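Student: In short: position in the sequence shown from 1, add 101, done, that's this note's numbering.
Think of the CB as a built atom: it goes at the ideal place given N, C-alpha and C, for glycine as much as any other residue.
A quick note: this is a predicted structure, and the numbers were derived from the prediction, not measured.
The following block contains the structure, expressed as structure tokens.
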Amino acid sequence: MTEPITDSEVPAYPLCPMDRLDAYPVYDRLRAEEPLTKVRLPYGEPTWLATRHADVRALLMDQRFSREAGLAKDAPRFAPGPYAYSIPFMDQPVHTNARKLVARAFTKKRIEALRPDVQRIADELIDSLVARGRGADIVDIIARPLPVAVNCVLYDVPEADRADFLAWSVGLLSTTDAPVEDFVANFTNLLAYTAKLIDERREQPGEDLVSALVQVWDAQDDFPAEELPNHVVALLLGGHEPVAAHLANSLYTLLERPEHYAQLHERPEIMPTAVEELLRFVSIGDVFGFGSYATEDIELEGGTVREGEPILALLASANRDESVFERPDELDLTREVNPHVAFGHGPHYCVGAWLARLELQVVLSTLARRLPSLRLAEGDRTDWWYDITTVIRGLKKIPVEW
């Protein structure tokens, strides 16, 4: 049985150096020896981390774990500001009803209809890469601009507003060591801009996602209209930095293993399974960023979480669980059985998962087709990595040649 969480001698997250994509040996040990491990995030009270695949899935499915309870507590978190009430922090059945409204606007059909736009954006960015000559930073030219450009199309953000839109979004996700007032200012600005965008769509609806969200939200009586901006902001943030980070991590992982990048060029038909494997193999954020509180004593495979204690899911560890995945530390782009939890699991499964998959498939397939000789640049790589202080783990630059 696990001991209760106390403030004394709780290790700080991360539990190991995180300036590379190689935290997994530490997670292997935790799954075997300490499947529920105590940790302190940069902000909030100490928390449990669930490290095993079975416990992560159980945590994300069990309604006895409450996210909404964290709104009234000093919840474990990566950012300084308090959480805002939005769909990720709702409990069932309220969450189920709100998510259905979003899902009606965020359908797979609507996302798939974006494929020509995503392809156009990818082609334009790769044209810009090629125009640099024989070497450039692929994070700066492709990985970071692409999801922002796609979201601007999805939400129909005017060209004149896009620079501010990007700055506010990135500021919320990537600067937890910045002053609290900067975090609050970024959130306030993004929320105010989103509210303005919603008001404009009520007056003049279009074919964009905001218009669709306004339509389904206003057609029901369960959720006040003034809550919609919070939910839209939550969707926006989920589609910016996480996708950029995973695209960068995936490219680095492939180019570190040239035979795998060549495999995508030679066998483009494997792209769907390749993207799923990259989602499993290299995590953009090891910890699922939203904590839950036990509403009663709950037994998991790895131990007991007592009533009132918080717990987070260590997705990166679950995705390397040897009891679930054959050869978990091997990158297999043709892996068919792949129950990874990169997008979460259960009621809070990421609503933007299809969009992220679409962006990754289009960019990776286009790069492999157009630049089969793409490779990592020679030289010192020590300054490629972010200092990991946020929920996002990735690279700030990847110099490449071709």
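1) Indicate the three-state DSSP secondary structure (helix, strand or coil) for Val383 in the structure shown.
2) With 16 as the cutoff for other CB atoms within 10 Å, does Ala199 come out buried or exposed?
3) Does the separation of the CB atoms of Leu373 and Ala469 fall below 8 Å?
4) Give every residue of the same chain whose Cβ lies closer than 7 Å to the Cβ of Leu229, excluding the five residues on either side of it in the sequence, and list them in chain order.
5) What does DSSP give as the partner residue(s) for Ser393 in the beta ladder?
6) Taking the alpha helix (DSSP H) that Trp149 falls in, what are its first and last residues?
7) Express the C-alpha separation of Phe444 and Glu308 in angstroms, rounding to a whole number.
8) Go ahead and label Glu225 buried or exposed: buried means 16 or more other beta carbons lie within 10 angstroms of its beta carbon, across all protein chains shown.
9) In the structure shown, what three-state DSSP assignment does Val425 receive?
10) What do you reckon, are the CB atoms on Leu291 and Val254 nearer than 8 Å?
11) Which of helix, strand or coil does DSSP assign to Arg302?
12) Taking 8 Å as the threshold, find out whether the region 171-183 comes into contact with the region 408-417 through three or more Cβ pairs.
13) Secondary structure at Gly236, three-state DSSP: helix, strand or coil?
14) Looking at the unbroken alpha helix (DSSP H) that takes in Gly339, where does it start and where does it end?
15) Rounding to the nearest angstrom, what Cα-Cα distance links Ala244 and Leu477 in this structure?
16) By how many angstroms is the C-alpha of Gly453 removed from the C-alpha of Thr276?
17) In terms of DSSP beta bridges, what is Tyr144 paired with?
18) Using only the alpha-carbon positions, how far apart do Lys497 and Gly339 sit?
19) Taking DSSP's pairing of strands, which residues face Leu137 in a bridge?
20) Give the secondary structure of Arg165 by DSSP, where H, G and I count as helix, E and B as strand, and everything else as coil.
21) Just verifying my parser: in three-state terms, what is the DSSP assignment at Thr276?
22) What do you reckon, is the C-beta of Leu247 under 7 Å from a heavy atom of the ligand GTP?
23) Ends of the beta strand (DSSP E) at Ile399?
24) Would you tell me roughly how many angstroms separate the C-alpha atoms of Asn331 and Ser466, rounded to the nearest one?
25) How far does the beta strand (DSSP E) with Thr483 in it reach, from first residue to last?
26) Given Trp91, which residues of its chain have a CB within under 6 Å of its CB, disregarding the five upstream and five downstream residues?
27) Work out the CA separation of Asp156 and Phe391 for me, nearest whole Å.
28) Is it buried or exposed, Pro217, if we count other Cβ atoms within 10 angstroms and call 16 or more buried?
29) In chain order, what residues of the same chain lie with their CB nearer than 7 Å to the CB of Val458, ignoring the 5 residues before and after it?
30) At what residues does the alpha helix (DSSP H) containing Thr354 begin and finish?
Tutor: Let me lay it out:
1) Here Val383 sits in coil by DSSP.
2) Buried, since its Cβ has 16 or more Cβ neighbours within 10 Å.
3) Residue identity check: residue 373 is Pro in the sequence provided, not Leu. No, they are not a contact pair.
4) Looking at the sequence itself, residue 229 is Ser, so the reference to Leu does not match. Excluding positions up to five away in sequence, the list reads Ile242.
5) Answer is Ile412, bridged to Ser393.
6) Premise fails: Trp149 lies in the beta strand (DSSP E), Thr148 to Ala151, not in any alpha helix (DSSP H).
7) Approximately 26 Å between the Cα atoms of the pair.
8) When all chains shown are included, Glu225 counts as exposed.
9) The answer is coil: DSSP assigns Val425 none of H, G, I, E or B.
10) Between Leu291 and Val254, the CB-CB gap reaches or exceeds 8 Å.
11) If DSSP states are grouped into helix, strand and coil, Arg302 belongs with the helices.
12) Short answer: they touch.
13) In the structure shown, Gly236 sits in a strand (DSSP, three-state: E or B).
14) That run of the alpha helix (DSSP H) goes Leu329 to Gly339.
15) Approximately 15 Å, taken between the alpha carbons.
16) Caution is warranted here: a pLDDT of 42 is assigned to Thr276, below 50, making its placement in the model unreliable, and the coordinate value is therefore given only provisionally. So the two alpha carbons sit approximately 23 Å from each other.
17) Bridge partners of Tyr144: Arg178.
18) Using only the alpha carbons, I get a separation of about 18 Å.
19) Leu137 pairs with Ala151.
20) For Arg165, the secondary structure class from DSSP, reduced to helix, strand or coil, is coil.
21) In this predicted model, Thr276 has a pLDDT of only 42, less than 50, meaning its place in the structure is not dependable enough to derive any value.
22) The ligand GTP is not among the ligands present in this structure, which contains no ligands whatsoever.
23) First-last of the beta strand (DSSP E) with Ile399: Ile399 to Leu401.
24) Computed Cα separation, rounded: 34 Å.
25) First-last for Thr483: undefined, no H or E at that position.
26) Any answer about residue 91 is impossible in this case: the structure gives the chain only from 102 up to 503.
27) Taking the straight line from one Cα to the other gives about 16 Å.
28) Within a 10 Å sphere around the beta-carbon of Pro217 sit fewer than 16 other beta-carbons, which makes this residue exposed.
29) The amino acid occupying residue 458 in the given sequence is Arg; Val does not appear at that position. Sequence-distant Cβ neighbours of Arg458 in its own chain, meaning closer than 7 Å and more than five residues away, are Val376.
30) Unbroken alpha helix (DSSP H) run through Thr354: Glu342 to Glu357.
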